[in-house]
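Q: Note that the working numbering has the sequence shown beginning at 8, numbered continuously upward.
Glycine included, each C-beta is placed from N, C-alpha and C at the ideal position.
Dropping the structure in here first, questions after.
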Amino acid sequence: MRVKNKTVVVTGGGSGIGRALCQAFAAEGARGVVVSDIDGDRAAQVAADIGGLAVAADVAVEADVQRLVAEARAAYGAIDLFCCNAGIATEGSFEVPDDQWHRIMQVNFMAHVYAARAVLPEMLERGDGGFLVTSSAAGLLTQIGSAPYAVTKHAAVAFAEWLSVTHGDQGLEVFCLCPQGVRTAMMAQFEDESAIGDYLAKVAVEPEDVAAAVIEAMAEGHFLVLPHPEVADFFQRKANDYDRWLGGMRRFQQSLGKG
Ligand SMILES: NC(=O)c1ccc[n+]([C@@H]2O[C@H](COP(=O)([O-])OP(=O)(O)OC[C@H]3O[C@@H](n4cnc5c(N)ncnc54)[C@H](O)[C@@H]3O)[C@@H](O)[C@H]2O)c1
């Protein structure tokens with residue numbers, strides 16, 4: 008898939024990876040880039056920079072996602088690529104309070120279901136469309152120090168995988184973005200709050216590198232987008248010997264001082 012002359016929607020587009028995606032899609036010659044964010048001012052700033060349309064929306068609210076899709080269609084016609092990129096991080100274990108579990112489930116997972124309901128019927132009818140889910144390496148491996156982040160990012164991978172298996176032969180192209188550290192506001196939060204923060208910062212890439220990896224993977228038709236190629240090795244090690252991988256992760260956690 009190439010975005011030249013296409014209409015693209017990006018959630019969480021006001022900052023970090025989402026902003027870099029909007030800028031890269033505009034640079035690739037997208038016909039319309041819809042920059043959506045819960046923070047309307049940030050979305051407006053990015054949209055102004057690239058000549059796109061800003062739509063303030065909370066992806067955890069299905070009515071907001073439907074309104075976002077309606078406004079995007081009203082401005083540019085059919086949506087060719089929808090990027091479910093907005094996400095949040097919550098540190099902690101099973102002790103994290105229910106309201107925080109619910110919020111992260113809504114933003115990191117149910118938002119993708121809402122987006123699918125809003126855009127996929129039309130794409131499947133046309134027999135053409137793209138759907139990108141920003142998960143994380145935590146969705147393939149785990150997130151040391153954060154059960155809610157690990158669980159919701161696994162759910163995001165599972166949903167993207169399911170969509171690809173179920174609708175990949177009907178003209179739908181599904182992409183699943185799984186970076187490790189990326190230098191964004193979220194990265195700064197990991198550095199402040201999480202034992203894994205220093206490691207993530209060490210291996211971190213720039214949001215622009217992630218956007219370039221997305222453009223390349225889409226052009227080559229790869230489901231999995233891995234801006235950190237070593238994640239493919241870690242994922243393979245997990246599949247090859249799960250028990251050994253778990254032991255290795257425990258040792259890694261201890262080395263971070265959270266064992
Ligand atoms: N930065 C990393 O190291 C990293 C690594 C792997 C995956 N990710 C994922 O990348 C995605 C983007 O994160 P980022 O690093 O660019 O962070 P970021 O904080 O810079 O950007 C996230 C954007 O999402 C918006 N947002 C938050 N909740 C929202 C909601 N309910 N509705 C709409 N917008 C909302 C925020 O306002 C913000 O503009 C997230 O899904 C994150 O989990 C980030």
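How long is the line joining the alpha carbons of Leu207 and Met193, rounded to whole angstroms?
A: In the sequence shown, residue 207 corresponds to position 200, counting from 1. In the sequence shown, residue 193 corresponds to position 186, counting from 1. Spanning the two alpha carbons is a distance of roughly 11 angstroms.
Q: Do you know how far the Cα of Met112 is from the Cα of Gly266?
A: Reading the sequence shown from its first residue, position 259 is the one you call residue 266. Reading the sequence shown from its first residue, position 105 is the one you call residue 112. For Gly266, the predicted structure reports a pLDDT of 47, less than 50, and the residue's modelled location is therefore unreliable. The matter cannot be settled from this model.
Q: Output needed for Phe241: all residues of its chain with C-beta closer than 6 angstroms, excluding positions within five of it in sequence on either side, in chain order.
A: Within the sequence shown, residue 241 is the residue found at index 234, counting from 1. Excluding sequence neighbours, Phe241 sits near Leu148.
Q: Could you check if Val42 is buried or exposed, using at least 16 other CB atoms within 10 Å of its CB as the buried criterion?
A: Working through the sequence shown from its first residue, we reach residue 42 at position 35. Buried, because 16 or more other Cβ atoms sit within 10 Å of the Cβ of Val42.
Q: Between the stretch 172-185 and the stretch 118-135, do at least 3 Cβ pairs fall closer than 8 angstroms?
A: Judged by Cβ distances under 8 angstroms, the stretch 172-185 makes contact with the stretch 118-135, as three or more pairs qualify.
Q: Are there any heavy atoms of ligand 1 lying less than 7 angstroms away from the beta-carbon of Gly19, as far as the coordinates show?
A: As a working note, residue 19 is residue 12 in the sequence shown. True, at least one ligand heavy atom lies under 7 angstroms from that Cβ.
Q: Going by beta carbon distance, what residues of the same chain come within less than 6 angstroms of Gly204, once the five residues before and after it are set aside?
A: Here residue 204 refers to the residue found at position 197 of the sequence shown. Contacts found: Phe197 and Glu198.
Q: Leaving aside the five residues before and after Val114 along the sequence, list all residues of the same chain whose C-beta is less than 7 angstroms from its C-beta, in chain order.
A: Residue numbering aside, residue 114 sits at position 107 when the sequence shown is read from its first letter. Counting only Cβ-Cβ distances below 7 angstroms, and skipping sequence neighbours, we find Val66, Ala67, Ala93, Gly94 and Ile95.
Q: Going by beta-carbon coordinates alone, are Gly146 and Ala163 separated by less than 8 angstroms?
A: Counting from 1 along the sequence shown, the entry for residue 146 is found at position 139. Counting from 1 along the sequence shown, the entry for residue 163 is found at position 156. Against a cut-off of 8 angstroms, the Cβ pair of Ala163 and Gly146 comes out as a contact.
Q: Residues bridged to Cys6 by DSSP?
A: Outside the modelled stretch of the chain, which goes from 8 to 266, sits residue 6, for which no answer is possible.
Q: Verify the contact flag: Pro236, CB atom, against every heavy atom of ligand 1, threshold strictly below 7 angstroms.
A: On the sequence shown, residue 236 is found 229 positions in, with the first residue counted as 1. Pro236 Cβ: outside cutoff for every heavy atom of ligand 1.
Q: Does DSSP classify Ala61 as helix, strand or coil?
A: Looking up residue 61 in the sequence shown gives position 54. Of the three classes helix, strand and coil, the one that applies to Ala61 here is strand, per DSSP.
Q: Name the two residues that bound the continuous alpha helix (DSSP H) containing Asp240.
A: Along the sequence shown, one-based indexing puts residue 240 at 233. It spans Glu237 to Asn247 - the alpha helix (DSSP H) in which Asp240 sits, taken as one unbroken run.
Q: Among the candidates Met8, Val53 and Ala226, whose CA atom is the shortest distance from the CA of Gln30?
A: Counting from 1 along the sequence shown, the entry for residue 30 is found at position 23. Closest option to Gln30, Cα to Cα, is Val53.
Q: Would DSSP call Cys29 helix, strand or coil?
A: Taking the sequence shown and counting its residues from 1, one reaches residue 29 at position 22. Looking at Cys29 - three-state DSSP - the assignment turns out to be helix.
Q: Within 10 angstroms of the Cβ of Pro128, are there 16 or more other Cβ atoms? Answer buried if so, exposed if not.
A: Stepping through the sequence shown from its first residue, residue 128 is reached at position 121. So Pro128 counts as exposed.
Q: Given this structure, state the Cα-to-Cα distance separating Met225 from Pro104, to the nearest angstrom.
A: By 1-based counting over the sequence shown, the position of residue 225 is 218. By 1-based counting over the sequence shown, the position of residue 104 is 97. If I take the Cα positions, the gap works out to 38 angstroms.
Q: Glu213 by DSSP, collapsed to three states: which one?
A: As a first step, residue 213 must be located in the sequence shown, where it is residue number 206. Of the three classes helix, strand and coil, the one that applies to Glu213 here is coil, per DSSP.
Q: Should Lys13 be labelled buried (16 or more other beta-carbon atoms within 10 Å of its own) or exposed?
A: Your numbering for residue 13 matches position 6 in the sequence shown. It is buried - the Cβ of Lys13 has at least 16 other Cβ atoms within 10 Å.
Q: Under 8 angstroms Cβ to Cβ from Ala50, same chain only, skipping five residues before and after it: list those, please.
A: Residue mapping note: residue 50 aligns to position 43 of the sequence shown, counting from 1. Answer for Ala50: Gly20, Gly21, Val42, Ser43, Asp44, Ala61, Val62 and Ala63, listed in chain order.
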